[in-house]
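So the sequence shown is numbered by our numbering: it starts at 205 and just counts up by one. These notes concern the structure reproduced below.
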Amino acid sequence: FWLYVSEKRRINRMLSEKARLIESQMLITEAQRKKEEIANQEKNKLFSLIAHDLRGPIGSLAMTLGMLQDGDIEEQEFRPMLPGLKATVDNLYETTDNLLKWAFSQMDGKSSIRGLVDLAIVIKNVAELLKDHAAQKGINLQTTSSANLMIMADLDQVEIVVRNLVSNAIKFSPFESVVSMEGQTEHNEAVVRVMDQGSGLPADVIWNIEQKQFSQPAFGTAGERGTGLGLILCKEFVEANGGRLNAQGNTPNGTIMILFFPLA
């Protein structure tokens, strides 16, 4: 009889334990489902915003070119429009490029192809690439780099990150101001700081970056429209290469974006 009672208790304990495991798994599954649902809602919201951002400027550009083709605009009238049209095309290119790279980062099986990367060269290349863009707003683009900034990372992804951060700094900086990039080593890490003299990042935007969530569109100092996708892309690519991204948006003199990577 006691053997029967003991066996029954053992079986009941086993059943109770299995029930707890099943309940725990169900809770985890439900939490994961809610997380994916929120992520999908965020993505849908992003695509709606980007569709709006692309459709309007493309339609305006097509209308202007159509008027030029039909002779409704004289050449002397069209020439003053060229700087604005170029800015529109540049913004469309940046948005589309970020969208494609972000979409690729979401694909299953994606991976970073790591190799030795010299961050000093990355900083130099990005400055060369964006110097004309900065000059259009009279912004002085400054760079300083120390030696031994070698890291193991995906070169393309690191360049995308630094380029996006500097492009954002230019976008939200006042005319005739300064944007600077600094590369140095700190405690066995390579550190890159991108600093501007803009109005700074609001606390909710910084929180969204940390959580990889999309912020409401914002306008640059020349009316450039930003979707916030670039910062999400930066966060994902930095973490994919073993690094960290820190945003300091409430500084007295603008925003500081800081990248940390382990030294090679």
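Backbone N, C-alpha and C fix where the C-beta goes; we use that ideal spot for every residue, glycine too.
Does the Cβ-Cβ distance between Leu353 and Thr389 come in under 8 Å? As a first step, residue 353 must be located in the sequence shown, where it is residue number 149. As a first step, residue 389 must be located in the sequence shown, where it is residue number 185. Yes, Cβ-Cβ distance for Leu353 and Thr389 is below 8 Å.
For Asn344, tell me which candidate among Ser403, Val396, Ser384 has the shortest Cα-Cα distance. The residue you call residue 344 lines up with position 140 of the sequence shown. Cα-wise, what sits closest to Asn344 is Ser384.
On the premise that Lys375 lies in contact with Thr347, defined as a C-beta separation below 8 Å, what is that separation, rounded to the nearest angstrom? On the sequence shown, residue 347 is found 143 positions in, with the first residue counted as 1. On the sequence shown, residue 375 is found 171 positions in, with the first residue counted as 1. 18 Å between Cβ atoms; not a contact.
What is the rounded straight-line gap between the Cα of Leu286 and the Cα of Ala331? For the purposes of this step, residue 286 is taken as the residue at position 82 of the sequence shown. For the purposes of this step, residue 331 is taken as the residue at position 127 of the sequence shown. Each residue's alpha carbon lies about 24 Å from the other.
DSSP three-state label for Ser316, please. Taking the first residue of the sequence shown as position 1, residue 316 is located at position 112. Reduced to three states, the DSSP call for Ser316 is coil.
Ile462 versus Cys438, Ile226, Arg214, residue with shortest Cα-Cα distance: The sequence position of residue 462 within the sequence shown is 258, counting from 1. Nearest option by C-alpha distance: Cys438.
With H, G and I counted as helix, E and B as strand and the rest as coil, what does DSSP make of Asp408? Locating residue 408 in the sequence shown gives position 204, counting from the first residue. Three-state DSSP puts Asp408 in a helix.
Alpha carbon of Asp322 to alpha carbon of Leu369, nearest angstrom: Locating residue 322 in the sequence shown gives position 118, counting from the first residue. Locating residue 369 in the sequence shown gives position 165, counting from the first residue. Each residue's Cα considered, the two are about 18 Å apart.
Please identify the residue among Arg213, Ala444, Ser220 whose C-alpha is closest to the C-alpha of Ala357. Counting from one through the sequence shown, the residue named residue 357 turns up at place 153. The residue with the shortest Cα to Cα distance from Ala357 is Ala444.
Looking only at C-alpha atoms, which of Asp360, Ser371, Val326, Ala339 sits nearest to Ser350? Walking along the sequence shown from the start, residue 350 turns up at place 146. Checking every option, the nearest Cα to that of Ser350 belongs to Val326.
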